[in-house]
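*Asks:* Chains as they are written, first to last, in the working numbering: chain A, 1 to 382; chain B, 383 to 764.
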């Protein structure tokens, strides 16, 4: 039998067959009436997922370009504070610096959880800032920050709040309007259950009105906003991916955002329960908020690269290594988007088999049962 | 019967069913061994299509981003000459100016064909330039410039040569290495027969070594080159589109580039023959080089917007209006990529029917026959 394949990384994530089927439809022209119906619905569905009335600007690009759009449109000469605790937070620093911000880097150790009171103190010391950059789900460590609290601290000091929600949008709660967020970047290939290639940045009126000239042609917010207002795009968009994203967003909204958030909480619980039952140590926090990716320390004497290579070689399964200095030390299981409990048990079972083969001292036969038990109970009271 | 649909614009272009089918395959991880085999082959096939040994940098983006990558990596403080004769040439001006070039705009009227001796004189007057920006196929007018001659003039004055080959690569001859081109931008959605979403910029050693710091994070040449050298990508690429592009490039190279160029020449001849037989006036040049898109003046008393709307309403057919000040005055038929003679006769027949309905004085029943005759003879002696 040809090898079955399993994609358990924190992005790209598995894509439902209905979405894949939509990709195979004949290409539509981006200015045709048939496409515009889909485009309009897709943009409205994005607003629903972001819980915003603001424009969701759509770019044909990876998520990083949506992040860069915020830097290129907000940073020129601005006083910017970047809160970082991992690879993606540090990406904000590079983007803000490149685009001319006067940069204040507020760094935590990788794996720490940023605290709103730290941000409030720093902003008080600085006498405020023009923009604060945050990461909701730090994919490199599995930490999900309390963006609502961090944003409140930033707003109190008069800053615009920019959030990287690439791996979190649709997986954990995010309330663009209720939390007063000004720019929120995301991407198609995570909880939005679509292949990589589309990036979006929802942008508040206040951020659009901040009036700094764009330092990017392709990522110019105003050019994109003006085009979308006429249901057009400034440059030929990835129409096939937009058609697919529309199908995926329909599925997500049919499930209901609250149900999807609940499912992710339970998947995270299940994954952590299984990991602990195996006798492994979590790197990501052992808490419900950590519902996007579970980061696990490689056991004593085992290089996590061998775990990643082992599940691929034996089972056609892709999981993620650590990034940066954590490469070889942790491995990561994503559970974002089109995932159910059996994806978790499958991933855990494969990890268990490979760790045993590598001679690690793991508890055998416990992880799958513990994961099922961890999943069983509703996350929130009915 | 549900309406059949016809896509006859100069981009996006029709995509072969084999390529669409590849899009519907399960998503691969960009760092997995299974993807890397495809990625490596796709990058090698791109080099074959560009006829270059240089790196072809691949961006998840529209073609404009590949253009911007050249501006962002070459323009900071550079003396740049932009040769323009239409909407896309003027786009080079905007990009070069935004990224800090000292800009010399060498503008022709829309529809004119840039001349190498004009460029040589201008460069002589200026005492040379650091970079010259050219457009091979000016999609807004149907003009295909003699890039080989223009590039020679630019090289003679010591300039790097940057070419927009978005609608031309794979349709008309382009010899990156033999012509000494330094950066050539293209996109997936034209002659490369893939949906929009991938952009590429082939970059010579000399251009990479020009040593100006990138003004874009996402479009940084050096970051992209370094990642591709390890068969990696700096940001999650549109893996599904890359798998599809690989299939399409395989088809193009199986046909053979020379055969594809010959086919485009004959399609262009057929289209022009049909247009003239109908009694319409060409806007694009009546010459073999004009093999990418045929631009046609709307007949006296007819708004070209009504032609575009008419073929869509009656026949589910998408053709292109004029851009900018040519909107309403010309319409454009693309014949790029996955096109054969019956696409041309179908387009002409529909245009004839709609023009007749609009009361235009067109010769009836002549276009299809003339197109078939125009196509019949080989473009070059065997």
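Just so you know, even glycine gets a beta-carbon here, dropped at the ideal spot from N, CA and C.
Note that the coordinates shown come from a computational prediction; the quantities given were computed from them, not determined experimentally.
1) Please confirm whether residue 610 of chain B has its beta-carbon closer than 8 Å to some beta-carbon of chain A.
2) Please report how far the alpha carbon of residue 395 of chain B lies from the alpha carbon of residue 577 of chain B, in whole angstroms.
3) Can you pull the chain B residues whose beta carbon is under 7 Å from the beta carbon of residue 337 of chain A, in chain order?
4) State the DSSP-derived secondary structure class of residue 764 of chain B, mapped to helix, strand or coil.
5) Does the count of Cβ pairs from the region 454-468 of chain B and the region 427-446 of chain B closer than 8 Å reach three?
6) At which residues does the beta strand (DSSP E) containing residue 484 of chain B begin and terminate?
7) For residue 722 of chain B, count neighbouring Cβ atoms within 10 angstroms of its own Cβ and tell me buried if that reaches 16, exposed if not.
8) Measuring alpha carbon to alpha carbon, tell me which of A:113, A:136, A:156 ends up nearest residue 127 of chain A.
9) Quick check on residue 662 of chain B: buried or exposed, where buried means 16 or more other Cβ atoms within 10 Å of its Cβ?
10) Kindly provide the ranges of any beta strand (DSSP E) runs that are 3 or more residues long and lie completely inside the region 246-301 of chain A, ordered along the chain.
11) For residue 618 of chain B, decide whether its Cβ has a neighbour in chain A, counting only Cβ atoms nearer than 8 Å.
12) Throw me the rounded Cβ distance for the residue 63 of chain A and residue 185 of chain A pair, which I believe falls under 8 Å.
13) How would you write the range of the alpha helix (DSSP H) that residue 728 of chain B sits in, first residue to last?
14) Distance check for residue 98 of chain A and residue 600 of chain B, CA to CA, integer angstroms please.
15) Using a Cβ-Cβ cut-off of less than 9 Å, give me the residues of the region 94-109 of chain A that come near chain B, in sequence order.
16) Does residue 707 of chain B get closer than 8 Å to chain A when you measure Cβ to Cβ?
17) Tell me, please, whether the CB atom of residue 264 of chain A is closer than 8 Å to any CB atom in chain B?
18) Taking all protein chains shown into account, do 16 or more other C-beta atoms lie within 10 angstroms of the C-beta of residue 41 of chain A, making it buried, or fewer, making it exposed?
19) From residue 420 of chain B to residue 618 of chain B, what does the alpha carbon distance come to, in whole angstroms?
20) Does DSSP put residue 332 of chain A in a helix, a strand or coil?
21) Checking 8 Å against the spacing of the C-beta atoms, do residue 700 of chain B and residue 211 of chain A come in under that value?
22) Less than 8 Å between the CB atoms is what I'm expecting for residue 646 of chain B and residue 674 of chain B, so what's the real figure, rounded?
23) Cβ atoms of residue 226 of chain A and residue 233 of chain A: under 8 Å apart, would you say?
24) Buried or exposed for residue 764 of chain B, please, with buried defined as at least 16 other CB atoms from any protein chain shown within 10 angstroms of its CB.
25) Compare the C-beta of residue 382 of chain A with all C-beta atoms of chain B and state if any pair is closer than 8 Å.
26) From the beta carbon of residue 18 of chain A, is the nearest beta carbon of chain B less than 8 Å away?
27) What is the rounded straight-line gap between the Cα of residue 125 of chain A and the Cα of residue 104 of chain A?
28) State the start and end residues of the unbroken alpha helix (DSSP H) segment that holds residue 567 of chain B.
29) For residue 385 of chain A, go through chain B and note every residue whose CB falls closer than 7 Å to its CB, in chain order.
30) Rounded to whole angstroms, what is the Cα-Cα separation between residue 375 of chain A and residue 311 of chain A?
31) Residue 230 of chain A: buried (16+ other C-beta within 10 angstroms of its C-beta) or exposed?
32) For residue 472 of chain B, go through chain A and note every residue whose CB falls closer than 8 Å to its CB, in chain order.
33) Which residue marks the beginning of the beta strand (DSSP E) containing residue 470 of chain B, and which one marks its end?
34) My assumption, with CB atoms under 8 Å, is that residue 111 of chain A sits in contact with residue 141 of chain A. Please give the rounded CB distance.
35) Can you tell me whether residue 724 of chain B is buried or exposed, with buried defined as 16 or more other CB within 10 angstroms of its CB?
36) Any contact between the region 345-359 of chain A and the region 386-402 of chain B? By contact I mean 3 or more CB pairs, one from each, below 8 Å.
*Replies:* The structure says:
1) In the second chain, residue 610 of chain B corresponds to position 228, counting from 1. Closer than 8 Å: no.
2) Sequence index remark: in the second chain, residue 395 of chain B carries index 13 (1-based). Sequence index remark: in the second chain, residue 577 of chain B carries index 195 (1-based). Looking at the two C-alpha atoms, the distance is approximately 8 Å.
3) Working through the first chain from its first residue, we reach residue 337 of chain A at position 337. Correct list: empty, because the minimum Cβ distance to chain B is about 11 Å.
4) Within the second chain, numbered from 1, the residue matching residue 764 of chain B stands at position 382. Note that residue 764 of chain B scores 48 on pLDDT, short of 50, meaning its location in the model is unreliable and no value can be drawn from it.
5) no
6) In the second chain, the residue the question calls residue 484 of chain B occupies position 102. Start and end: 484-489.
7) The residue labelled residue 722 of chain B in the question sits at position 340 within the second chain. Exposed, because fewer than 16 other Cβ atoms sit within 10 Å of the Cβ of residue 722 of chain B.
8) Looking up residue 127 of chain A in the first chain gives position 127. With distances taken between Cα atoms, residue 127 of chain A lies closest to A:156.
9) Mapped onto the second chain, residue 662 of chain B falls at position 280. Buried, because 16 or more other Cβ atoms sit within 10 Å of the Cβ of residue 662 of chain B.
10) 293-297
11) For the purposes of this step, residue 618 of chain B is taken as residue 236 along the second chain, with counting starting at 1. Yes - at least one Cβ of chain A is within 8 Å of the one on residue 618 of chain B.
12) Taking the first chain and counting its residues from 1, one reaches residue 63 of chain A at position 63. Taking the first chain and counting its residues from 1, one reaches residue 185 of chain A at position 185. Residue 63 of chain A to residue 185 of chain A, Cβ: 6 Å. Contact.
13) By 1-based counting over the second chain, the position of residue 728 of chain B is 346. Counting along the chain, the alpha helix (DSSP H) containing residue 728 of chain B begins and ends at 723-739.
14) For this step, residue 600 of chain B is matched to residue 218 along the second chain. For this step, residue 98 of chain A is matched to residue 98 along the first chain. Answer to the nearest angstrom: the Cα atoms are 11 Å apart.
15) 94, 95, 98, 99
16) Locating residue 707 of chain B in the second chain gives position 325, where the first residue counts as 1. So, not an interface residue.
17) In the first chain, counting from the first residue as 1, residue 264 of chain A sits at position 264. No, residue 264 of chain A does not count as interfacial toward chain B.
18) Here the question's residue 41 of chain A lines up with position 41 in the first chain. Exposed: under 16 other Cβ atoms inside 10 Å.
19) By one-based count along the second chain, residue 420 of chain B stands at place 38. By one-based count along the second chain, residue 618 of chain B stands at place 236. Approximately 15 Å between the Cα atoms of the pair.
20) The residue you call residue 332 of chain A lines up with position 332 of the first chain. Three-state DSSP puts residue 332 of chain A in a strand.
21) Indexing the second chain from 1 puts residue 700 of chain B at position 318. Indexing the first chain from 1 puts residue 211 of chain A at position 211. Cβ atoms of residue 700 of chain B and residue 211 of chain A: not closer than 8 Å.
22) To locate residue 646 of chain B, count along the second chain from 1; it is residue 264. To locate residue 674 of chain B, count along the second chain from 1; it is residue 292. Indeed, because the Cβ distance is near 7 Å, the residues count as touching under 8 Å.
23) One-based indexing of the first chain puts residue 233 of chain A at position 233. One-based indexing of the first chain puts residue 226 of chain A at position 226. Taking 8 Å as the Cβ cut-off, residue 233 of chain A and residue 226 of chain A do not qualify as a contacting pair.
24) Working through the second chain from its first residue, we reach residue 764 of chain B at position 382. Note that residue 764 of chain B scores a pLDDT of 48, beneath 50, so its modelled location is shaky; the value from the coordinates is reported in the next line. With fewer than 16 Cβ atoms within 10 Å of its Cβ, residue 764 of chain B is classed as exposed.
25) Translated into the one-based positions of the first chain, residue 382 of chain A becomes position 382. For residue 382 of chain A, the predicted structure reports a pLDDT of 48, less than 50, and the residue's modelled location is therefore unreliable. A value from the coordinates is still provided. It does not; no Cβ of chain B falls within 8 Å.
26) Within the first chain, numbered from 1, the residue matching residue 18 of chain A stands at position 18. Judged by the 8 Å Cβ criterion, residue 18 of chain A is not in contact with chain B.
27) Within the first chain, the letter at position 125 stands for residue 125 of chain A. Within the first chain, the letter at position 104 stands for residue 104 of chain A. The straight-line gap from Cα to Cα measures roughly 11 Å.
28) In the second chain, the residue the question calls residue 567 of chain B occupies position 185. Run containing residue 567 of chain B: none in the alpha helix (DSSP H); it sits in the beta strand (DSSP E), 565-569.
29) This structure leaves residue 385 of chain A out entirely; chain A is present only between 1 and 382.
30) By 1-based counting over the first chain, the position of residue 375 of chain A is 375. By 1-based counting over the first chain, the position of residue 311 of chain A is 311. So the two alpha carbons sit approximately 23 Å from each other.
31) The residue labelled residue 230 of chain A in the question sits at position 230 within the first chain. Counting Cβ neighbours within 10 Å, residue 230 of chain A comes out exposed, since fewer than 16 surround it.
32) Counted from its first residue, the second chain places residue 472 of chain B at position 90. Simply none; closest approach about 12 Å.
33) Numbered from 1 along the second chain, position 88 holds the residue referred to as residue 470 of chain B. Note, residue 470 of chain B: premise wrong, no beta strand (DSSP E); alpha helix (DSSP H) at 469-480.
34) The residue given as residue 111 of chain A occupies position 111 in the first chain. The residue given as residue 141 of chain A occupies position 141 in the first chain. Their Cβ separation, rounded to whole angstroms, is 5 Å, which keeps residue 111 of chain A and residue 141 of chain A in contact under 8 Å.
35) Here residue 724 of chain B refers to the residue found at position 342 when the second chain is read from its first residue. Exposed: under 16 other Cβ atoms inside 10 Å.
36) no
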